[in-house]
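The working numbering runs 63 ahead of the 1-based position in the sequence shown. C-beta atoms are modelled at their ideal positions from N, C-alpha and C, and glycine is treated no differently. One structure is given here, and the rest of the page talks about it.
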Amino acid sequence: MSRPGAVIEAPADTDGFARRLSARIGGPLGQHASAVKSAPNAAVAVMVVATLTWLVGMVQRLPCRTTDAAHYPDAFKLMCYSDIGILYRDRGFVLGNVPYLQSGDYPILEYPTLTGWFLQVEAVIARVFGAQVGVGLSSQQQLDSSNVFFDVNQVLLFACFAVVVGAQLRTVRGRPWDALMVAASPCVAATGLINWDLFAVALTSVALLLWSRRRPTAAGVLIGLATAAKLYPVLLLGPLLLLCLRGNRMPAFARAFGGAAIAWLVVDLPVIIVAPDAWLYFWQFNSDRQGDLGSLWYVFSLAGHPVPSLNAVSTGLLLVGCLAIGVLIMVSPRRPRFGQVAFLVVVVFLVTNKVYSPQYVLWLLPLLVLARPRWRDWLLFTSAELFYWGAIWWHLDGVLGPGNGGPDRTYWLAVIVRIVVELVIAGFVVRDILRPEHDPVRTPRAVGPPRRDGTHALIDDPGGGLLDGAPDARWLTALLRPGREAVSGDR
């Protein structure tokens, strides 16, 4: 919750789009609605919306639920595809085998270690609720077992989603209503049950919350665990290093990095020692894959122009993008907020990556809200992601292909629109960093008396933890802005 005395920002008070929309449905909240604007009431309302959103996602999956092993629905055409039941049957869980440590006549699980252990815990819970496992099960028994496993996932992944929303409510002081953008997102209903990405997203969200509460070691531990579940959270350590370097908070970064390294090793090192080939499979799988679904490289390939040496090209562009973000962090007029650069680095990773599965939107959604909590941008982002989500299923089903057998240009368009929208919003975030007066988090309703020129002071980084209000390191000020005082939290 917000600190005592913190001003709670209601969307219609600070967001032009929300203000215009509210005018059509009765206008913004009045001066006597302070109870509605309180953090506890915001938390209740947001969590109710999150529950309804998840229920919509569960209903959306019903057309793909079958109880007859002889009849499987067309999951692509119905847009209700999920990996959960398929990988349960095809990666040894239905046999009762433990991922990484046991093998059989099936592929190795192609996910990082902690995700594998998460699946193993779910498989054990499914057995408690009657899921049969073992060699010799009929197709019908395997289907029944996978349905129980899927139901366990619906509950545990909802718990992960609730953690994401709860962390979002508390990460940025005074802005609990921003979490509504996560709780109400149709992208969650559409993609939350495709795979297990919400598990890693939940760990990452808690890490950001702990950092905002000035607990760098605990935040680092969660980043390490999140990285053991999905690779992308490790990217947050790069911009965090530069923010701490600029803000003279390197001891805090050292604690976070140490916590992340130890947590990752605790999870991964036993598997590295006991089953090195199984552990390496995830890395080999991603290194060997070519331009895959959702990526710009896949579109080039479909168009007959595959990119040679794709690993080198993709990695090189990622490094260039990260370097540009690093320069931005160090030379911007004010130190960027952590949420802003976290969003930027993940956008660069996803735009240059060799694959973009539709559930990857879950990686970006909480970071988008931390970086730029504007309903107009949320609507633009949501529209582009849902366009891509629909296009990928019908592309896989062949529905979008023209009758003459030509290329599926509608799918190409969906990929390009998604990438362009992500880059456009990233451009807005860069503009906010270079011109902080445009940053919606730094320029809320006036707090405190105005300055002599009639303007109000910008706040610094309410989700930045130990970085919040930290002045620039003297060596950086002397190097980049000689003769000027260090820039700190302007409150």
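Less than 9 Å between the beta carbons of residue i and residue j, yes or no?
| i | j | result |
| --- | --- | --- |
| F444 | L427 | yes |
| I472 | E448 | In the sequence on display, residue 472 carries Arg and not Ile. Their beta carbons are not under 9 Å apart, which means R472 does not touch E448 by this criterion. |
| I392 | R309 | yes |
| L356 | L459 | yes |
| V334 | Y151 | no |
| T254 | L425 | yes |
| R236 | G526 | yes |
| T116 | A242 | no |
| L206 | D131 | yes |
| E185 | L158 | no |
| L530 | C307 | yes |
| A189 | V215 | yes |
| T178 | W342 | no |
| L359 | V414 | yes |
| D535 | L521 | no |
Quick check on DSSP: helix, strand or coil for residue i?
| i | result |
| --- | --- |
| H134 | coil |
| H40 | Since the first residue shown for the chain is 64 and the last is 554, residue 40 is missing from the structure and cannot be characterised. |
| T129 | coil |
| V390 | helix |
| T506 | coil |
| V370 | coil |
| P302 | helix |
| R537 | helix |
| L463 | coil |
| K140 | helix |
| D241 | helix |
| I479 | helix |
| Q353 | coil |
| P399 | coil |
| P525 | coil |
| I286 | helix |
| G490 | helix |
| Q205 | helix |
| Q165 | coil |
Excluding the 5 residues preceding and the 5 following residue i in the sequence, name in chain order all residues of the same chain whose CB lies nearer than 6 Å to its CB.
| i | result |
| --- | --- |
| M244 | V432, W441 |
| A326 | V284, G287, L288 |
| F262 | F181, C223, A292 |
| D260 | Q422, L425 |
| V362 | W475, V478 |
| P465 | none |
| G517 | Confidence in G517 is poor, its pLDDT being 47 and thus under 50, which makes the residue's placement unreliable; the coordinate value appears in the next sentence. Nothing meets the Cβ criterion. |
| Y451 | A477, R481 |
Ordered along the chain, which non-local residues of its own chain (more than five positions away) have a Cβ less than 8 Å from that of residue i?
| i | result |
| --- | --- |
| L463 | A454, W457, D471, T473, Y474 |
| P170 | D153, R154 |
| G193 | V211 |
| R352 | K417, V418 |
For residue i and residue j, I'd like the C-alpha separation in whole angstroms.
| i | j | result |
| --- | --- | --- |
| L539 | V411 | 26 Å |
| A270 | R400 | 16 Å |
| G301 | G283 | 13 Å |
| L303 | L266 | 17 Å |
| R505 | L497 | 13 Å |
| L232 | F221 | 16 Å |
| R435 | D523 | 14 Å |
| V297 | G155 | 29 Å |
| V330 | V226 | 21 Å |
| Y135 | P499 | 53 Å |
| P396 | K140 | 50 Å |
| Q217 | M142 | 17 Å |
| F316 | G528 | 11 Å |
| L256 | G120 | 7 Å |
| V107 | G229 | 10 Å |
| L305 | G389 | 7 Å |
| Q183 | V337 | 17 Å |
| T378 | V483 | 20 Å |
| G461 | R312 | 53 Å |
| I149 | L365 | 27 Å |
| R398 | S208 | 52 Å |
| V161 | M110 | 35 Å |
| D495 | Y295 | 24 Å |
| V394 | N416 | 27 Å |
| N15 | V383 | There is simply no residue 15 to check, as the chain begins at 64 and stops at 554 in what is shown. |
| V404 | A387 | 11 Å |
| S420 | I147 | 14 Å |
| V370 | L200 | 44 Å |
| W274 | A281 | 8 Å |
Identify, in the order they occur along the chain, each residue of the same chain with its Cβ nearer than 7 Å to the Cβ of residue i, setting aside the five sequence neighbours on each side.
| i | result |
| --- | --- |
| F320 | G283, L300 |
| E173 | Y344, F345, F348 |
| L272 | A230, R233, T234 |
| L542 | none |
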